[in-house]
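The block underneath contains the structure these notes are about, expressed in structure tokens.
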Amino acid sequence: MRLHPGIFHMATVLPDITVDAEAAPVKLRAAKREYPGALVVVEGIDGSGKSTQLYLLKRWLEIGGYRIHFTEWNSSPLVKSATRRGKQRRLLTPTTFSLLHAADFADRCERQILPLLHGGYLVLADRYIYTAFARDAARGCSPRWLRNLYSFAPTPDITFYFRAPLDVAVNRIVAGRPKLKYYEAGMDLGLSLDRAESFRIFQERILGNYDQMIETDHFVLMDGTVPVNKLQKLMRQILGDKVDLAQFAPNKK
Amino acid sequence: MTPSEKNGAAIAPPNGRRAKKPKKNGRPEAPSRFYGTPLPGVKLEELSGTLFVLEGTDGSGRSTQISLLTEWLESEGFAVQTMGLRRSFLVGADIDALMAENSVTRTTLSLMYSTDFFDQLERRILPALRSGLIVLADRYIFTLIARSAVRGIGRDYLHGIYEMALRPDLTFWLNVRPEIAFDREFKKAQTISYWESGRDMSLSNDLFQSFIRYQSLIKREFEYLSKRHGFIELDGEGSVADVNRVLRKRIASHLGIRSTHYQPSHALSHLWR
Chain A
3 MRLHPGIFHM ATVLPDITVD AEAAPVKLRA AKREYPGALV VVEGIDGSGK STQLYLLKRW
63 LEIGGYRIHF TEWNSSPLVK SATRRGKQRR LLTPTTFSLL HAADFADRCE RQILPLLHGG
123 YLVLADRYIY TAFARDAARG CSPRWLRNLY SFAPTPDITF YFRAPLDVAV NRIVAGRPKL
183 KYYEAGMDLG LSLDRAESFR IFQERILGNY DQMIETDHFV LMDGTVPVNK LQKLMRQILG
243 DKVDLAQFAP NKK
Chain B
87 MTPSEKNGAA IAPPNGRRAK KPKKNGRPEA PSRFYGTPLP GVKLEELSGT LFVLEGTDGS
147 GRSTQISLLT EWLESEGFAV QTMGLRRSFL VGADIDALMA ENSVTRTTLS LMYSTDFFDQ
207 LERRILPALR SGLIVLADRY IFTLIARSAV RGIGRDYLHG IYEMALRPDL TFWLNVRPEI
267 AFDREFKKAQ TISYWESGRD MSLSNDLFQS FIRYQSLIKR EFEYLSKRHG FIELDGEGSV
327 ADVNRVLRKR IASHLGIRST HYQPSHALSH LWR
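In order, the protein sequences belong to chains A and B. Here my numbering is used: the first residue of the first sequence is 3, the next is one more, and so on. Here my numbering is used: the first residue of the second sequence is 87, the next is one more, and so on.
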């Protein structure tokens, strides 16, 4: 029987797998660039200023006419109903919470991010896989298991990590929001009966997990306490240094 | 209830690694109940129940056998819980909706199935096992791994996701040739479904060819999984009564049931062809 030639491109080799607990850390595949696009992501805890900064960067590039696309975490319509049901009824365990978000991310990755990267776009992502690593590990998922779960994701060209002191970040969120949501505040972990307090402890754990990735995942550290316009200037500068923007400029192509 | 009774050593791959020859100088270590990292928050000593898995392609007769085994076990005084694909409250219906569209991609679908699996494992199977029930699984991680693997998702990736799954006490594989499976499935529905025939993979425009090719690929995955995970392979082309007799014998010896006598009730007698 003739088999379709494309089927086995990833699966032909029987892998020599050890499924042996926490022993060996999963190696991140050396990112082999197979696409002309570029991927720039921002990460950091809630209230660190990352979304504001990415918005300003996006506006700057949009106004300049660059070939860009903006994508954010947890926005795929395909799995939205499941996520909503799970959250409303509080059905999610750390494992199913993590898997559902991974399914959501996979949808965005396969239907938006990868096609756009292959199509030569500069893709800007508000939160990326590191959000899942930091947050789901804070919920008790195995970091090794998480790394494997997201191993299909392309490695970013730049990861801006916005870091603000815990109190500054937490106060920005708590002051601006009437009520913290159940999972957002980490209430499922039973850290505290007080939502604001639970949120604080949860964010502290996430912050710790982020900090551990600064070196291993080559984060570009951004000080979230610097005035917005100064930080934005720095961000644009770094982008220009690390990514060949001319490639995405309007007169190109 | 340990799997070390009769067939334990041959069934469970030692130490959660891929099946290796046991060392000459000693018996293999007792297998963990998880393949790798255990699910967070599970105390293994609390799990007093037993998990039996029936695997096999569409048309291999799994569901029929599960109905019969449930009745037999209940008549022997064992409480039974069942599980199957797309039955989770969390995402079962969502997967149906995704599959009805043509926009879902392979990784998303694969991960939605994982969510469905772990939701059932954590909310249905583990509580049942804690209460000492017998769990009969109509398919398990192996079908999910096989379906994704033939679509080009790496086997190491898939095993990595399901390493938090509970290792079954016994896994039966009802092996049937794709041609026989086709006959049975066609008889049931007078047609063959889009996913059963793997039409998302563009194997052939002819439905029969597509079904045979797809199921052959799945079967090949199962042959690999069978070796790696020590399936008990059964001839799924035998009569319902014959297959059921073998299943009862293996399960009875695992549970220490003396008599394997069973005659289906009137309600199920139509299955006993």
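Yeah, the Cβ is synthetic: ideal placement off N, Cα and C, and Gly gets one too.
N- and C-terminal bounds of the beta strand (DSSP E) containing residue i
i: residue 167/B; result: 166-170
i: residue 165/A; result: 160-165
i: residue 71/A; result: 70-74
i: residue 42/A; result: 40-45
Environment of residue i [buried if 16+ CB atoms lie within 10 Å]
i: residue 107/B; result: Confidence at residue 107/B is low in this model, with a pLDDT of 43, below 50, so the placement of that residue should be treated as unreliable; the coordinate-derived value is given next. With fewer than 16 Cβ atoms within 10 Å of its Cβ, residue 107/B is classed as exposed.
i: residue 349/B; result: exposed
i: residue 229/B; result: buried
i: residue 148/B; result: buried
i: residue 88/A; result: buried
i: residue 253/A; result: exposed
i: residue 111/B; result: Unreliable positioning characterises residue 111/B in this predicted model, as indicated by a pLDDT of 47, which lies under 50. A coordinate reading is not provided.
i: residue 271/B; result: buried
i: residue 219/B; result: buried
i: residue 130/B; result: exposed
i: residue 181/B; result: buried
i: residue 227/A; result: exposed
i: residue 202/B; result: buried
i: residue 163/B; result: exposed
i: residue 50/A; result: buried
i: residue 199/B; result: buried
i: residue 234/B; result: buried
i: residue 213/B; result: exposed
i: residue 229/A; result: exposed
i: residue 187/B; result: exposed
i: residue 313/B; result: exposed
i: residue 67/A; result: exposed
i: residue 206/B; result: buried
i: residue 188/A; result: buried
i: residue 92/A; result: exposed
i: residue 61/A; result: exposed
i: residue 221/B; result: buried
Where the alpha helix (DSSP H) containing residue i begins and where it ends
i: residue 326/B; result: 326-341
i: residue 320/B; result: Not the alpha helix (DSSP H): residue 320/B falls in the beta strand (DSSP E), residues 318-321.
i: residue 179/B; result: 178-186
i: residue 242/A; result: 230-244
i: residue 37/A; result: Taken as a continuous stretch (DSSP letters only), residue 37/A belongs to no alpha helix (DSSP H), as it is neither H nor E.
i: residue 206/B; result: 192-206
i: residue 346/B; result: From DSSP, residue 346/B is part of no alpha helix (DSSP H); its letter is neither H nor E.
i: residue 358/B; result: Taken as a continuous stretch (DSSP letters only), residue 358/B belongs to no alpha helix (DSSP H), as it is neither H nor E.
i: residue 63/A; result: 52-65
Interface flag, residue i vs chain E, CB-CB below 8 Å
i: residue 136/A; result: Annotation note: the requested chain E is absent from the structure, which comprises protein chains A and B.
Whole-angstrom C-beta distance between residue j and residue i, which should lie under 8 Å
i: residue 278/B; j: residue 297/B; result: 5 Å
i: residue 281/B; j: residue 142/B; result: With 8 Å as the limit, residue 281/B and residue 142/B do not qualify as a contact, their Cβ atoms being about 16 Å apart.
i: residue 2/A; j: residue 194/B; result: Only positions 3 to 255 of chain A appear in the structure, and residue 2/A is not among them; the question remains open.
i: residue 135/B; j: residue 196/B; result: About 28 Å separates the two Cβ atoms, so there is no contact after all.
i: residue 250/A; j: residue 119/A; result: No, residue 250/A and residue 119/A are not in contact; Cβ-Cβ is about 12 Å, not under 8 Å.
i: residue 94/A; j: residue 185/A; result: 7 Å
i: residue 221/A; j: residue 55/A; result: About 14 Å; that fails the 8 Å criterion.
Top-ranked residue by Cα proximity to residue i, from the options
i: residue 207/A; options: 228/A, 175/A, 161/A, 141/A; result: 141/A
i: residue 177/A; options: 198/A, 216/A, 193/A; result: 198/A
i: residue 71/A; options: 162/A, 96/A, 232/A, 115/A; result: 115/A
i: residue 175/A; options: 44/A, 37/A, 48/A, 38/A; result: 48/A
i: residue 237/A; options: 93/A, 42/A, 216/A; result: 42/A
i: residue 358/B; options: 252/B, 342/B, 330/B, 253/B; result: 330/B
i: residue 52/A; options: 117/A, 126/A, 40/A, 113/A; result: 126/A
i: residue 157/B; options: 344/B, 185/B, 255/B, 334/B; result: 334/B
i: residue 191/B; options: 78/A, 130/A, 131/A; result: 78/A
i: residue 233/A; options: 214/A, 188/A, 166/A, 148/A; result: 166/A
i: residue 355/B; options: 122/B, 154/B, 119/B, 124/B; result: 154/B
i: residue 125/B; options: 299/B, 321/B, 208/B, 177/B; result: 208/B
Could you name each continuous beta strand (DSSP E) segment of 3 residues or more that falls completely within the segment 115-155 of chain B, going from the start of the chain to the end? 136-141
Could you give the uninterrupted runs of the alpha helix (DSSP H) lying entirely in the segment 168-225 of chain A, keeping only those of 4 residues or more? For the segment 168-225 of chain A, the continuous alpha helix (DSSP H) assignments of 4+ residues that do not extend past its boundaries occur at 168-178, 197-218, in sequence order.
At 4 residues or longer, and completely inside the segment 211-292 of chain B: list those alpha helix (DSSP H) runs for me, N to C. If we require 4 residues or more, the alpha helix (DSSP H) runs fully inside the segment 211-292 of chain B come out as 212-216, 227-236, 241-247, 264-275.
Suppose only complete runs of 3+ residues qualify. What are the beta strand (DSSP E) ranges in the segment 74-150 of chain A, listed by chain order? 124-128
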